[in-house]
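Per the working numbering, the very first residue in the sequence shown carries number 2; after that it's consecutive.
Where is the CB? At the ideal position from N, CA and C, for every residue including glycine.
Given the structure is predicted, the values throughout are model-derived calculations rather than measurements.
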Amino acid sequence: MPLGLGTQVIGVLMGLTLPALLRMSTRSWFAHSWMKGSFKRKDTNRPLIVIADPHWSQDTGHLKEIQKKYVQADWLFLGDCFDLWIGLPNYETSAQKEFLNWVDQRRQEGAWVGLWLGNREYFLDYLAPRFDLMGEGTGGYLAGESLYFEHGDLINKGDVQYRLWNLLSRSSLAWIMFRLIPSSWGQRLGSWLESKLRTTNQNYKIIFPQDSFSEVAQSFSPSTFIVGHFHTEHQVENGRVIPWNYSGVHALWSKGHLEVKSIS
């Protein structure tokens, strides 16, 4: 029997409020993360294509071009797939539907497809069955492959302004607000939100937090640790930042080795 809105609201208040409060001061798995699905790929000999921060809007950019290069491949998306993706009724765009159909097709062909959510995805947990793995926060990994990952927005513990924004925008109150207001209002609010995301706290976005990143990466050593979020490529010991996918740049993980590639 479908749950009523009141029951859903109570569930959100119980399930999301405490974890949100804990986000400000810790990288604890329990405070920042959830995950559904399988961390183990069916065939670890298949190449894994890693795509970070494509920021799609009207379409899925270079995705199909990349797919043509790797017919027999698995896929891992490190978040910020769209400029804004709100996972509630009447908010889904045609480009988001196109992407989900693409995921369905890849999985029907036998590919493993994972999505680790970024700071531009909200309330997408209901879509977890469409992926082999979906998660958010910290703690992503591939079983038996020495590869750990997350989006990257929680790396910099000094970015208090962003952490406060993250707490508020993913809180139970935000979920309730988007559920209760008319979708037309919500879409306008979403457009405003997307514009704010482009300009919030630019200093922290421009300056790569190398010390914080190195500290996190070392906690996974000697395994490889990868993130997106920062848009530019960096390598610090066993840690790698995958550049954003705007021009088709992506990474190839094969037999324990990571290589950044272009579509040319």
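Can you grab the Cα-Cα spacing for the pair residue 107 / residue 223, in whole Å?
-> If I take the Cα positions, the gap works out to 31 angstroms.
Mind checking which residues open and close the beta strand (DSSP E) that includes residue 236?
-> Per DSSP, residue 236 belongs to the beta strand (DSSP E) from 235 to 237.
Closest Cβ-Cβ distance between residue 174 and chain D: below 7 angstroms?
-> This model lacks chain D altogether; it includes just one protein chain.
Are at least three pairs of beta-carbons, each pair with one atom in the segment 100 to 119 and one in the segment 73 to 83, less than 8 angstroms apart?
-> Short answer: they touch.
Nearest to residue 170 by alpha carbon, out of 226, 131, 216, 85?
-> With distances taken between Cα atoms, residue 170 lies closest to 85.
In whole angstroms, what is the alpha-carbon distance linking residue 37 and residue 212?
-> Looking at the two C-alpha atoms, the distance is approximately 31 angstroms.
Local conformation of residue 44 per DSSP, three classes = In this structure, DSSP gives residue 44 a state outside helix and strand, which the three-state scheme calls coil.
Opposite residue 154 in the DSSP bridges: which residues?
-> BP columns for residue 154 are empty, so no partner.
When we look at the beta-carbon of residue 241 and count the other beta-carbons within 10 Å, is it buried (16 or more) or exposed?
-> With 16 or more Cβ atoms within 10 Å of its Cβ, residue 241 is classed as buried.
Distance, residue 262 Cα to residue 115 Cα = Cα to Cα, residue 115 sits roughly 19 angstroms from residue 262.
With DSSP run on the structure shown, which of helix, strand or coil describes residue 160?
-> Looking at residue 160 - three-state DSSP - the assignment turns out to be coil, as it is neither helix nor strand.
Among 186, 208, 51, 160, which one has its Cα closest to the Cα of residue 255?
-> Comparing Cα positions, the closest option is 51.
Which of helix, strand or coil does DSSP assign to residue 250?
-> Residue 250 falls in the coil class under three-state DSSP.
For residue 165, is the classification buried or exposed, using 16 other Cβ atoms within 10 angstroms of its Cβ as the cut-off for buried?
-> Label assigned to residue 165: exposed.
Pick helix, strand or coil for residue 187, following the three-state DSSP scheme.
-> The answer is helix: DSSP assigns residue 187 an H, G or I state.
Separation of residue 66 from residue 249, as counted between CA atoms = Across the structure, residue 249 and residue 66 are spaced so that their CA atoms are roughly 8 angstroms apart.
Which one of 159, 89, 237 has the shortest CA to CA distance from residue 181?
-> Closest option to residue 181, Cα to Cα, is 89.
Could you check if residue 162 is buried or exposed, using at least 16 other CB atoms within 10 Å of its CB as the buried criterion?
-> Label assigned to residue 162: exposed.
If you draw a straight line from the alpha carbon of residue 123 to that of residue 87, how long is it in whole angstroms?
-> Distance between the alpha carbons of residue 123 and residue 87: 5 angstroms.
Residue 276 by DSSP, collapsed to three states: which one?
-> One cannot answer for residue 276 here, as it falls past the ends of the chain, which runs 2 to 265.
Could you pull the start and end residues of the beta strand (DSSP E) that residue 131 belongs to?
-> Residue 131: not part of any beta strand (DSSP E); DSSP gives it neither H nor E.
With DSSP as the reference, label residue 148 as helix, strand or coil.
-> For residue 148, the three-state secondary structure derived from DSSP is strand.
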